[in-house]
Amino acid sequence: MTQRYVIIGNGPAGATAAETIRRLDSAADVEIVGDEGVPFYSRPGLAYLLNGTVPEKLLFSRSDREYASLGVRRTVGRVSRIEPTHHRVVVADGRTLAYDRLLIAVGARALRPDLPGIDLDGVVTLDKLEDARRIIRLARSARQACVVGGGITALELAEGLAARRVETHYLMRGERYWASVLDPRESELVEGRLAEEDIQVHRGVEVRAVIGHRGRVAAVELQDGSILPCELLAVAVGIQPRVELAREAGLETGRGVWTDPMLQTSDPDVFAAGDVAEVLDPVTGRRVCDSLWSSANDQGRAAGASLCGAGTPYQRPAPLNVTRIGGITTTLIGSIGGGGREDDLVSLARGDSGAWRERLDAFAVVADSGADQLRLLLGTDRITGAVVMGDQTLSRPLQHLIRERVDISAVRDRLAEHPGDLGKLVDTLGPGLGAR
Amino acid sequence: MRAMTRSANGGMLARLLHRDRRQREALVAALVVAEASRCVECGICTYNCPVGIDVRAHVRLGTPIADSHCLTCGSCVARCPRGTLRFEASSVFAPGPKASGG
Ligand SMILES: Cc1cc2nc3c(=O)[nH]c(=O)nc-3n(C[C@H](O)[C@H](O)[C@H](O)COP(=O)(O)OP(=O)(O)OC[C@H]3O[C@@H](n4cnc5c(N)ncnc54)[C@H](O)[C@@H]3O)c2cc1C
Ligand code: SF4
Ligand code: SF4
Chain C
1 MTQRYVIIGN GPAGATAAET IRRLDSAADV EIVGDEGVPF YSRPGLAYLL NGTVPEKLLF
61 SRSDREYASL GVRRTVGRVS RIEPTHHRVV VADGRTLAYD RLLIAVGARA LRPDLPGIDL
121 DGVVTLDKLE DARRIIRLAR SARQACVVGG GITALELAEG LAARRVETHY LMRGERYWAS
181 VLDPRESELV EGRLAEEDIQ VHRGVEVRAV IGHRGRVAAV ELQDGSILPC ELLAVAVGIQ
241 PRVELAREAG LETGRGVWTD PMLQTSDPDV FAAGDVAEVL DPVTGRRVCD SLWSSANDQG
301 RAAGASLCGA GTPYQRPAPL NVTRIGGITT TLIGSIGGGG REDDLVSLAR GDSGAWRERL
361 DAFAVVADSG ADQLRLLLGT DRITGAVVMG DQTLSRPLQH LIRERVDISA VRDRLAEHPG
421 DLGKLVDTLG PGLGAR
Chain A
1001 MRAMTRSANG GMLARLLHRD RRQREALVAA LVVAEASRCV ECGICTYNCP VGIDVRAHVR
1061 LGTPIADSHC LTCGSCVARC PRGTLRFEAS SVFAPGPKAS GG
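Here it is as structure tokens:
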């Protein structure tokens, strides 16, 4: 009998799951229902659209033609309800879709802080293509913009606006950028670059209210009563997995939709993957959320196989992101905890992992050569995390050393003394590692 | 007459081939390889390729970029914001015993 699979959400988790199902079951009926009216695109690429590095049409990375040739149907619609007992989902336009097995891959949404005036026209978040288009439109006429929040997205917003010649103010509640993940020197490097890009960084300030004029943002009021005029307020204080559908359907949820190692939810015919899922980390036994493109792909692949009954437990690799933070190429991998307080984020951000705030039983050693900086977290016999800023030669070897939990006891003392020697030592840790 | 022409052409062709091969050796001694897990499909590589190779599609589908008309100009490698792409010495085109003959 033909199995019918329904996938809610056309992001990397949903799309990769569809591909996987098709590979395993050539006869299956596969439908992706997503609420964005555009073909599949790169969500992280929105930052590059904003700063002008890439035109919009280049973001569409998986064409409808590719879906068609896979025999995957993509339909547009907002799912308003899941009815597990009837094995069907209800779409807002009135359709009902019957499923044998269902995947929830609806991602996460940007949070808005609870502030007076937060719903004014001109307060923006960056979740989807529509948001990026709107920000670009607003930036054409805005003279000044304020950005609040933390993590990578806040900076991408600030840099995108500055690149569009809007006078940009980045308002931090804390004393330094992303203190929970970066160490003080790393924050300083980033903040220095922001200044070079003409972004005005304000420390220790908090927005008390958004002030409007005829329904549009005109200024923000700070906690000391001062007023900063702006026509645009961009907010990136964190994200929230879209758990409502699952919760209302009676599935177990926490921060995200709870899954077991097969990515199955508390209903045996319903699975979850990507930003919406709170997965069980087999190593620590804890539930974790990531907001990472590669994690969404990995989980989509694992869930796709599970949906077909061919799953193996999802192995969560040490979370990795390589991105430009304040123009500095930066690799974040494993457990890196910056030691500071999370003042600017109320939850996980985009391109972020809960694991980065952890400090396992490890100590930090730093090699600093001006614009480049390397921080290693050394455990007893392995490297548990690393931050590589600037020169990226060691990014790939470290990805391997950390993800594969390579034993470094033989060189640990030397690394503790001279972390910068890692480059010379990688070949002794694994043949060919240096060439990666 | 015919034989002469053929031999003249043959010589020219051989010289041309020789030059062409040397050029290829120089250019293609390295090839662009990708680590797909780092890619976020942003399209910057594809956008900046001077010969219009859809680098991103190669990355995702895991097909070697050397198969196309890659100039190994390095534009995609330099611009990828994620360190997904890198050059790797090519064993296929590297000068080896066979190439040293003619
Ligand atoms: C600006 C920005 C920068 C980022 N930078 C990075 C980065 O540097 N590195 C990195 O690894 N990751 C980054 N990310 C995060 C990355 O994009 C996400 O982790 C990834 O897209 C998650 O994939 P997903 O498939 O779980 O969900 P999504 O990609 O969010 O897709 C979910 C889809 O489901 C749709 N949907 C929601 N509710 C419904 C409903 N009820 N019915 C139908 N459809 C619905 C949504 O509209 C969306 O299209 C960034 C994201 C953004 C926005
Ligand atoms: S530029 Fe890099 S991250 Fe972007 S699509 Fe190309 S390979 Fe992927
Ligand atoms: S090296 Fe140059 S020619 Fe080759 S794929 Fe990259 S950009 Fe295109």
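Sequence lines, in order, name chains C and A.
Counting from 1, one number per residue, gives the positions in the first sequence under our numbering.
Counting from 1001, one number per residue, gives the positions in the second sequence under our numbering.
The beta carbon of each residue, even a glycine, is placed where N, CA and C say it ideally should be.
Computed from a predicted model, the values in this text were never measured in an experiment.
- Among the residues facing chain C, S1075 of chain A is not included, as its CB has no counterpart in that chain under 9 Å away.
- Among the CB atoms of chain A, none fall inside 9 Å of the CB of R193 of chain C.
- At a Cβ-Cβ threshold of 9 Å, L138 of chain C and L232 of chain C count as neighbours.
- Taking 9 Å as the CB threshold, I1053 of chain A stays off the interface with chain C.
- Remark: the shortest separation between the CB of L58 of chain C and any heavy atom of ligand 3 does not fall under 8 Å.
- For the pair T1046 of chain A and A1030 of chain A, the CB atoms are not nearer than the 9 Å cut-off.
- Inclusion of A158 of chain C and A234 of chain C in the CB contact set at 9 Å is warranted, their separation being smaller than that value.
- Per the C-alpha coordinates, the member of C:S187, C:G370, C:Q3, C:A163 positioned closest to G337 of chain C is C:S187.
- Chain C has no Cβ within less than 9 Å of the Cβ of C1049 of chain A.
- Among the residues facing chain A, S347 of chain C is not included, as its CB has no counterpart in that chain under 9 Å away.
- Within the stretch 331-398 of chain C, the runs of beta strand (DSSP E) at least 3 residues long that lie entirely inside it are, in chain order, 363-369, 372-378, 383-389.
- Boundaries of the beta strand (DSSP E) around Y170 of chain C: 167-171.
- No Cβ of chain C is located within less than 9 Å of the beta carbon of T1063 of chain A.
- At least one heavy atom of ligand 2 lies closer than 8 Å to the C-beta of R1082 of chain A.
- In the three-state scheme derived from DSSP, where H, G and I count as helix and E and B as strand, P1081 of chain A is classed as coil.
- With contacts defined as CB atoms closer than 9 Å, V190 of chain C and L155 of chain C qualify as a contacting pair.
- Distances between the C-beta of N1048 of chain A and the heavy atoms of ligand 3 include at least one below 8 Å.
- S61 of chain C has its Cβ nearer than 8 Å to a heavy atom of ligand 2.
- With fewer than three CB-CB distances shorter than 8 Å, the stretch 125-141 of chain C does not count as touching the stretch 97-104 of chain C.
- At a threshold of 8 Å, R350 of chain C counts as near ligand 1, since its beta carbon sits closer than that to one of the ligand's heavy atoms.
- The C-alpha of V201 of chain C lies about 49 Å from the C-alpha of P84 of chain C.
- At a cut-off of 9 Å between beta-carbon atoms, V54 of chain C makes contact with chain A.
- In this structure, DSSP gives L46 of chain C a helical state, which the three-state scheme calls helix.
- Under the 8 Å Cβ criterion, the stretch 60-76 of chain C does not count as touching the stretch 209-216 of chain C, having fewer than three qualifying pairs.
- Distance from the CA atom of R88 of chain C to the CA atom of I1044 of chain A, rounded to whole angstroms, is 40 Å.
- Assignment of C308 of chain C by DSSP, reduced to helix, strand and coil, places it in the coil class.
- A distance criterion of 8 Å places the beta-carbon of G1043 of chain A beyond contact range of ligand 3, judged by its closest non-hydrogen atom.
- Assignment of N10 of chain C by DSSP, reduced to helix, strand and coil, places it in the coil class.
- Beta-bridge pairing by DSSP links T253 of chain C to C:V257.
- Residue-level contact by beta carbon holds for P44 of chain C and chain A, with a gap shorter than 9 Å.
- Counting C-beta pairs closer than 8 Å gives fewer than three between the stretch 258-271 of chain C and the stretch 176-184 of chain C, which falls short of the contact rule.
- The Cβ of T1072 of chain A sits no closer than 9 Å to any Cβ of chain C.
- Residues of the stretch 323-343 of chain C with a C-beta less than 8 Å from any C-beta of chain A: T323, R324, T329, T331, listed in chain order.
- Note: Q144 of chain C is bridge-paired with C:E167 in the DSSP secondary-structure output.
- Inclusion of G385 of chain C and L376 of chain C in the CB contact set at 9 Å is warranted, their separation being smaller than that value.
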